[in-house]
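Trainee: Under the UniProt record's numbering, the sequence shown has 77 at position 77, and the numbering climbs by one with no breaks.
Even glycine gets a Cβ: it sits at the ideal position worked out from N, Cα and C.
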Amino acid sequence: MKSRAAVAFGPGLPLEIVEIDVAPPKKGEVLVKISHTGVCHTDAYTLSGDDPEGLFPVVLGHEGAGVVVEVGEGVTSVKPGDHVIPL
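(1) Counting pairs of beta carbons, one from the segment 4 to 16 and one from the segment 29 to 39, are three or more of them closer than 8 Å?
(2) Within 8 Å, do at least three Cβ pairs link the segment 61 to 74 to the segment 15 to 27?
(3) Going by beta-carbon coordinates alone, are Glu19 and Lys2 separated by less than 8 Å?
(4) Can you give, in chain order, each stretch of the alpha helix (DSSP H) that sits fully within the segment 24 to 64 and has at least 4 residues?
(5) Could you say which of Pro14, Gly81, Leu87 lies nearest to Leu47 if we only look at CA atoms?
Structure representation (structure tokens):
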């Protein structure tokens, strides 16, 4: 599956909107089409280059809301079409 994402390619650099490949969910994973997201202070920390665990390139953002598109093997708590807030 293809998607567009704001990618940080290095500390302090502007985000770039690029097309990325999104793999199907593996066992125990859920693929969510994100419709809304927030920017957390940890995202700013990573983007600044001060985060020793920050790796680039990276798609930042972990506070989102969306709709389940597909579930991996063994997932029973949600199904495609469910509205979720993944944390």
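Mentor: Quick answer:
(1) No, they do not touch.
(2) When Cβ pairs closer than 8 Å are counted between the two stretches, the segment 15 to 27 is seen to touch the segment 61 to 74, the count reaching three or more.
(3) Yes; because the gap between Cβ atoms is below 8 Å, this pair is in contact.
(4) Entirely contained in the segment 24 to 64, the alpha helix (DSSP H) runs reaching 4 residues are, in chain order, 41 to 48.
(5) Answer by Cα proximity: Pro14.
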